[in-house]
Structure formats: structure tokens, C-alpha cells
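Protein chains in written order, with UniProt numbering: chain Y, 1 to 405; chain B, 1 to 405.
Backbone N, C-alpha and C define an ideal beta-carbon position, used for all residues, glycine too.
Here the structure comes first, spelled out in C-alpha cells, and everything after it is commentary.
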């Protein structure tokens with residue numbers, strides 16, 4: 001008998017039929033003898049609709065009120081799932097994040113979990129009741145309702161699995177697991193049976209949409225066994241674990257891509273200590289999420305600094321850097337929204353020096369120009385033209401023989 | 001400077017424009033120097049939509065989960081109103097029923113308030129913040145979320161006004177006050193400047209749709225000054241008070257009607273002690289809401305008992321009485337869904353013996369047959385044919401000269 005925390009994403013509870021499907025699945029797990037704790041996201045596009053409504057009503061949208069508004073979505077889905085379970089004779093009770101014991105800081109719209117006190121959840125499990133917990137929410141130390149942010153339900157599930165000492169945390173979603181690359185781009189993309197936390201973290205950081213990166217970090221830190229799987233086919237998905245025995249063989253495990261970034265270049269920057277620090281401090285002060293940073297070799301005492309940032313922050317980024325230009329004596333600022341990041345990820349890369357060369361040769365042979373390069377111990381990212389990104393993914397998936405498993 | 005509790009109904013916050021309208025009004029009240037505490041209902045038809053969704057998903061719909069689901073509607077509206085206030089520079093913060101200190105019993109879907117501990121609301125008011133409280137909700141002694149039932153926002157507002165010692169409780173709605181009769185039926189219907197608690201109670205019990213009867217009872221018990229008024233025209237509405245100086249003059253204050261009832265007759269009932277008790281105990285056991293009861297004079301040791309009940313409970317009522325028929329030795333059960341109750345209400349009636357005669361004569365002159373009669377100290381109700389109800393209201397409004405004020 002295992003204790004399982006099962007999280008269901010928005011599309012998995014998108015309509016009454018899907019909600020009943022989730023209830024059926026949970027009833028089956030119970031018949032098999034497992035104890036189940038559910039974490040539920042808002043139905044379908046409900047979070048988007050609530051955000052749109054807020055934009056219709058208000059210009060200021062204070063965070064505290066946004067959190068009160070948005071967390072209602074998960075709460076509604078929870079109550080409906082608990083009803084559907086009850087219909088099947090499975091005792092169930094919904095809990096808000098606050099009732100489930102999620103204590104957070106007061107950073108509205110993006111609250112951090114400080115502590116989980118799952119007394120009521122444990123009590124319910126002990127009484128044979130399936131607790132159905134609202135995802136992505138908690139209560140702040142000021143007793144206000146908080147929202148953990150988009151993708152926060154994954155984080156709720158992992159934190160709860162840890163707090164309860166669950167045997168596994170199953171993230172049910174609309175994909176059937178973690179793939180070697182986006183199956184929409186490469187038809188031979190293969191579902192991975194296992195992936196390591198570190199690999200999955202690099203993948204989610206570079207374009208793999210699920211699960212939410214933050215939940216993977218948390219699962220790694222607390223060693224929570226994650227299982228990413230489908231709420232549509234119910235087949236086994238991908239296990240995420242600390243130690244992957246198959247890892248020695250795979251040099252490169254996956255190819256990811258991300259079209260959502262833009263590039264900003266500050267040119268003619270005096271090559272003096274502290275200049276880069278001033279640029280990136282100022283950007284950080286404006287909450288701009290800089291990813292790759294490349295500084296060219298200095299020529300005649302001046303250099304160029306390029307960096308990537310989310311495309312929707314580009315306008316702010318340009319304004320910030322333009323303002324700084326005079327202060328630091330730079331000569332120009334140019335931007336490019338039409339870039340993509342293409343990455344290869346693999347725990348085996350660190351001990352295989354030829355991987356980078358193979359990546360560059362493969363892209364070159366396909367006529368794809370590399371504009372920026374960034375490396376980590378288990379990842380290699382190239383910035384290419386946006387319209388060449390899918391081709392880059394296809395040739396890399398082929399070159400590293402990822403379809404062969 | 002007055003402390004006002006202002007409750008806004010569903011249509012008053014039905015869309016973004018209306019929500020901004022409410023915020024404008026509150027900002028005006030604040031500029032005038034008043035302190036305001038808001039109680040907000042769910043937007044427009046949201047509660048109906050949530051109920052429909054629950055019916056789509058589940059057959060059993062446990063009360064605890066229904067309450068979790070439905071109270072989300074008020075919560076959403078609250079957050080949006082708080083945002084709109086913030087846009088106008090008015091500091092505001094939304095509170096769930098639980099956060100506002102509403103402790104209730106655990107009767108889900110129809111919880112009763114046990115206690116209001118409005119510490120956080122008082123704190124907010126003291127800090128110059130407008131608290132925006134979710135209507136019709138609280139937290140049970142079992143720490144579960146509870147719903148006070150339809151119309152529960154009025155009750156929330158009255159209870160909060162009492163707990164805060166507010167100067168008045170303003171119920172903003174889509175009508176501009178309490179009328180001498182339904183203005184859709186009688187075009188000369190007149191808005192009453194004042195009405196007594198007792199009169200308003202009798203009116204809401206016999207067809208006047210607003211405010212919710214339960215809130216009027218509570219306001220009477222705690223002597224909370226009620227002001228029923230419009231969220232559309234913002235004009236002064238009707239004050240509901242204990243003592244109405246104008247009352248000495250008005251014999252009849254209002255005419256109400258209610259088409260929602262049906263009539264059930266048990267005939268050939270042996271005229272023995274305890275028979276009626278058995279019938280109505282059994283009906284009460286099935287939660288059937290009996291209103292008028294008439295027992296005919298006994299003839300040959302048998303009698304007929306007729307009573308009215310909500311039309312949507314008629315089928316259950318027939319089944320219950322049919323089951324009892326053998327036990328009590330009654331000969332027949334007949335039912336009639338096409339009845340209406342027409343009532344005249346007035347605190348001056350008790351000392352004016354001619355009122356009943358005038359009512360009967362007026363109906364008779366209009367060719368309207370009276371099927372049942374019920375009286376209270378300040379009300380007189382006749383059951384008539386449903387298709388004659390509006391005509392009855394018109395002639396009675398005329399006969400008692402209610403258009404003259």
C-alpha cells in the first residue's frame with residue numbers, strides 16, 4: 001500500500017467528463033490499495049479568464065486582491081473533484097491551500113512556501129478520506145490568501161508529498177511524460193522512461209514546458225520521487241529520480257528549444273571593472289529575467305555585451321539600458337526579438353568532450369548560424385534565428401540518435 | 001462621520017462597469033466623510049452557473065463541497081471590487097467570510113451564524129482601509145467553509161453592521177426600495193419612505209422578493225437600521241425601522257402576491273385529536289415548508305384539511321400524504337398547483353376591524369373567488385386562482401388607496 005500525491009493539471013479537469021475521469025482513476029488506485037492525496041489546478045483556461053476579468057475591471061490590480069481572485073479557480077475545481085469522488089462512493093473532502101497548511105511569505109502573485117503543516121490532510125488520510133487540495137495557494141504570515149504563481153500546483157504537490165512522506169508524487173498532465181524533444185517538432189521524439197533531476201531542471205529552464213521548474217528544484221532538494229504522466233492515456237510516464245542507472249550510457253538525453261526570448265546588445269561599452277555589474281544590477285532592479293550573457297573580447301578598450309531576456313520584457317529592457325547608456329559611456333543599443341535558444345541536455349556530457357563540437361558541426365552542416373553560446377556542466381545552448389530553430393532541433397535529435405533510446 | 005455597512009447584490013456587481021460604479025459610489029461616501037464596510041454578492045448569475053456546473057459534474061453533491069464551490073462566487077466579486085477601489089486611490093482589502101470572523105454551524109448550504117468576530121474588519125476600518133467582505137459565507141466550528149444560503153449576503157451585512165455597531169446597514173439592489181406592491185403589476189405602486197420591521201417581514205413572507213426575510217428578522221432582533229436602496233439610480237430608498245412615526249396613519253401599507261405555492265387537500269379525515277399533528281409532523285420530517293393551513297368544520301365526524309406548500313415540493317408532499325392516507329383513514333388527496341397568495345400588510349390593521357371586510361368585498365366585486373384565508377395581526381392573505389392574482393393586487397392597491405401615500 002503506497003501513499004501517492006497525485007496532481008492534476010488544468011486540462012485534466014477541464015470539463016465535467018474529465019473531472020469524472022479523474023475520480024474514476026482515483027477510485028481505481030484506492031481499489032488497488034493505495035492511499036491518495038489529490039492536488040488540483042484550476043479548470044482549463046479558468047486562470048487566464050480570471051486574469052482577463054481583472055484586467056477588464058482594474059488598472060492597478062493589487063497583488064493581494066489578485067491572489068484572492070485567482071486562487072478561486074483551484075478551489076472551484078477541488079470542490080467539483082471531491083463531489084465526483086463522492087458519487088463513486090469514495091469519501092473525499094476539498095481543502096484550500098490555507099486549510100491544507102500551506103504557510104507562505106507575503107509575496108503576492110508569486111508566494112514562496114515557508115512551511116507545510118498538513119495536519120488536516122494527514123487526519124483525512126487516516127480516516128480513509130481522499131483530501132483534494134487546491135493547488136498553487138496558501139496563507140501568508142499576515143493571514144492573507146496567497147498564490148504561488150503559474151505552475152504552482154506542481155510545487156504544491158511536491159511540497160505536500162515531502163511533508164506527508166509520500167511514496168511518490170505523480171504529476172498528471174496533458175503530455176504522457178518527458179520527451180527527448182518536442183514531439184510536435186520531431187515525430188521520432190521518444191518518451192524517456194527516466195530522467196535525472198538535474199537534466200530535467202536544465203530542460204525546463206530551456207524550453208521543456210512541463211513540469212514547472214520550481215517543483216523540480218523542490219523535488220530534487222527533498223528527494224521526492226516524481227512521476228510525470230498522462231491524465232488522458234493513463235499509461236506510465238517518466239520517472240524523475242536522483243540516480244538514474246541508465247545515465248552512464250546516454251551522453252545527450254534531450255534537445256529543447258525556446259522561442260520566447262529576445263536579444264539585447266549594448267555596444268561600445270568601456271572595458272572597465274564594474275560596468276557589467278551596473279547594467280545587470282539595474283536590470284535586476286526592474287525584475288528583468290536575464291538568461292544568457294556574452295561579452296566579446298575587448299578591442300581598443302571597448303567591448304559589446306549581449307544578453308537574452310524574455311521577449312515580453314524587451315521594451316522595459318531597452319528603456320533601462322538606454323537610460324544607462326550615458327552613465328556608462330556606451331555607444332549603442334540594438335535589439336533582436338527573432339531569436340531562439342536551442343539546447344542539448346545530458347548528464348553524460350560532462351565527461352564527453354566531443355559533444356560541443358558535434359553540436360556546432362551539425363548546425364553548421366544544416367546551414368544554421370550560431371549567434372551566442374552558453375554552457376553548463378550538463379547543457380549546451382546556442383542562440384539561432386527563430387525561423388531556423390525547429391530545423392536545428394530536428395538535426396540535433398538525429399545527430400545524437402535520441403530516437404534510438 | 002458615519003460608519004456604514006453597504007451590501008451590493010449580484011446585479012449591482014454584474015460586470016466590470018457596474019463594479020467600477022460601486023467603487024465610484026464608495027469613493028464618494030468616503031469623500032463625504034463616511035467610513036464604509038462593503039459586503040458583496042456573487043456577480044450576476046454566477047451562483048446559478050456554479051450550481052449548474054455542480055449538477056453537470058455530480059449526482060450526490062455533498063453540502064460541504066457545494067459550499068466550497070459556491071462561496072467562490074462572492075470571493076471573486078470581492079477581490080474585483082477591492083481592485084476597482086484601489087484604482088480610485090481608496091485603500092481596500094477583500095476578506096472571505098472566514099477572514100471577516102463569521103463563525104457558523106455546520107449546516108452546509110444553509111449555515112446559521114453563531115458568532116461574528118470582526119477583529120480584522122475593525123482593524124482595517126481603523127487604518128482607513130475599506131474592507132470588502134464576501135457575502136453569505138463563514139467558517140464552521142469544524143473549520144470548514146460554509147454558505148449561508150441564497151440571499152445570505154443580506155444576512156452577512158446585517159450581522160456585520162450589528163457586530164461593528166454601524167450607524168446603518170444599506171442594502172443596495174436592483175430595485176429602488178420597498179414598494180406598496182410589485183410595480184410590474186401596478187404602475188401606480190409607490191416607493192415607501194419607511195416601513196416597519198414587522199411589516200417588511202410579513203411582506204417578504206408573502207411575496208416581496210427583497211430583502212431576504214432572514215436578514216430582516218436579524219435586523220429587527222438587533223435593531224440594526226436598514227436602508228433598502230438602488231445601486232442603479234443611487235437615490236434614497238426605503239428605511240426599515242422599529243418605530244415608524246407615519247404608521248398611525250396607514251392602515252394598509254402594501255399588497256403582495258406570490259405565485260410559487262400549490263395547494264394540497266386531504267379529504268374525509270376522521271375528526272379525531274392528533275390526526276393533524278401526524279400529517280404535519282410527517283411533512284416536517286420531509287422538510288416540506290407548509291404555509292397556510294385550513295381545516296373545515298367537521299361534518300359527520302370527518303373533515304377536510306387543506307394547506308399550501310411551495311410548488312416545487314408538491315410532488316413530495318403528495319407522496320407523503322398518500323402514504324399517510326391509510327394510516328389516518330382519509331378518503332382522498334387532491335392537489336392544485338395553480339393558486340396564488342395575495343396579501344395585504346399593515347401595522348395599522350390590528351386596530352381597524354373593517355379591513356378584512358374591505359378586502360373580501362373588493363375581491364368579490366372584481367369577480368375573484370377566495371379559496372383560503374389566513375390572518376395575522378398585521379397581515380391578511382387570500383388564496384385565489386393564479387390567473388386572477390394580478391387583477392386582485394390591482395384592485396386591492398386601488399381600494400386601500402396605496403398610490404396616495
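Counting only Cβ pairs nearer than 9 angstroms, list the residues of chain Y close to residue i.
i: residue 48 of chain B; result: Correct list: empty, because the minimum Cβ distance to chain Y is about 14 angstroms.
i: residue 170 of chain B; result: None at all; the shortest Cβ gap to chain Y is about 22 angstroms.
i: residue 99 of chain B; result: 143, 144, 145
i: residue 38 of chain B; result: None at all; the shortest Cβ gap to chain Y is about 13 angstroms.
Under three-state DSSP, which class holds residue i?
i: residue 199 of chain Y; result: helix
i: residue 353 of chain B; result: coil
i: residue 336 of chain Y; result: strand
i: residue 41 of chain B; result: coil
i: residue 137 of chain B; result: strand
i: residue 259 of chain B; result: coil
i: residue 129 of chain B; result: coil
i: residue 16 of chain B; result: helix
i: residue 464 of chain B; result: This structure cannot settle anything about residue 464 of chain B, because the visible part of chain B is limited to 1 through 405.
i: residue 422 of chain B; result: Nothing can be reported for residue 422 of chain B, as the shown portion of chain B is limited to 1 through 405.
i: residue 314 of chain Y; result: helix
i: residue 410 of chain Y; result: Outside the shown range of chain Y, which is 1 to 405, sits residue 410 of chain Y, and nothing can be said about it.
i: residue 220 of chain Y; result: helix
i: residue 268 of chain Y; result: strand
i: residue 371 of chain B; result: coil
i: residue 331 of chain B; result: coil
i: residue 27 of chain Y; result: helix
Interface residues of chain Y around residue i at Cβ under 7 angstroms?
i: residue 411 of chain B; result: With chain B represented from 1 up to 405, any question about residue 411 of chain B goes unanswered, as that position is not in the structure.
i: residue 19 of chain B; result: 57
i: residue 84 of chain B; result: 57, 58
Mind listing the chain Y neighbours of residue i? Cutoff is C-beta to C-beta under 8 angstroms, in chain order.
i: residue 59 of chain B; result: 87
Taking the CB atoms as reference points, tell me whether residue i and residue j lie closer together than 8 angstroms.
i: residue 133 of chain B; j: residue 100 of chain B; result: yes
i: residue 10 of chain Y; j: residue 41 of chain Y; result: yes
i: residue 109 of chain B; j: residue 149 of chain B; result: yes
i: residue 58 of chain B; j: residue 87 of chain Y; result: yes
i: residue 255 of chain B; j: residue 375 of chain B; result: no
i: residue 153 of chain B; j: residue 39 of chain B; result: yes
i: residue 70 of chain B; j: residue 50 of chain B; result: yes
i: residue 212 of chain B; j: residue 173 of chain B; result: no
i: residue 252 of chain Y; j: residue 192 of chain Y; result: no
i: residue 125 of chain B; j: residue 30 of chain B; result: no
i: residue 160 of chain B; j: residue 269 of chain B; result: no
i: residue 228 of chain B; j: residue 283 of chain B; result: no
i: residue 386 of chain Y; j: residue 259 of chain Y; result: yes
i: residue 397 of chain Y; j: residue 189 of chain Y; result: yes
i: residue 390 of chain B; j: residue 178 of chain B; result: no
i: residue 345 of chain Y; j: residue 199 of chain Y; result: yes
i: residue 206 of chain Y; j: residue 381 of chain Y; result: yes
i: residue 370 of chain B; j: residue 384 of chain B; result: yes
i: residue 395 of chain B; j: residue 357 of chain B; result: no
Output, in chain order, the set of chain B residues within a Cβ distance shorter than 7 angstroms of residue i.
i: residue 64 of chain Y; result: 93
i: residue 76 of chain Y; result: 69, 72
i: residue 106 of chain Y; result: Those within 7 angstroms of residue 106 of chain Y in chain B number zero; the least Cβ separation is about 13 angstroms.
How close, in whole Å, do the beta carbons of residue i and residue j come, if the pair is a contact with beta carbons under 8 angstroms?
i: residue 3 of chain Y; j: residue 167 of chain Y; result: 5 angstroms
i: residue 92 of chain Y; j: residue 129 of chain Y; result: 6 angstroms
i: residue 54 of chain B; j: residue 83 of chain Y; result: 6 angstroms
i: residue 265 of chain Y; j: residue 308 of chain Y; result: The pair is not a contact, with the Cβ atoms about 10 angstroms apart (cut-off 8 angstroms).
i: residue 195 of chain B; j: residue 240 of chain B; result: 6 angstroms
i: residue 262 of chain Y; j: residue 183 of chain Y; result: That pair is no contact at about 26 angstroms.
i: residue 158 of chain B; j: residue 231 of chain B; result: Residue 158 of chain B to residue 231 of chain B, Cβ: 17 angstroms. No contact.
i: residue 107 of chain Y; j: residue 138 of chain Y; result: That pair is no contact at about 11 angstroms.
i: residue 324 of chain B; j: residue 272 of chain B; result: Not a contact, Cβ separation roughly 14 angstroms.
i: residue 378 of chain Y; j: residue 399 of chain Y; result: Their Cβ separation, rounded to whole angstroms, is 18 angstroms, which puts residue 378 of chain Y and residue 399 of chain Y out of contact at 8 angstroms.
Please list, in chain order, the chain B residues whose beta carbon lies closer than 8 angstroms to that of residue i.
i: residue 80 of chain Y; result: 53, 54, 57, 58, 65, 69
Using 8 angstroms as the threshold, is the segment 60–68 of chain B in touch with the segment 23–35 of chain Y, meaning 3 or more CB pairs across them? The segment 60–68 of chain B makes no contact with the segment 23–35 of chain Y: fewer than 3 CB pairs, one atom from each, lie closer than 8 angstroms.
Determine contact between the segment 369–384 of chain B and the segment 338–345 of chain B, defined as no fewer than three beta-carbon pairs at a distance below 8 angstroms. yes
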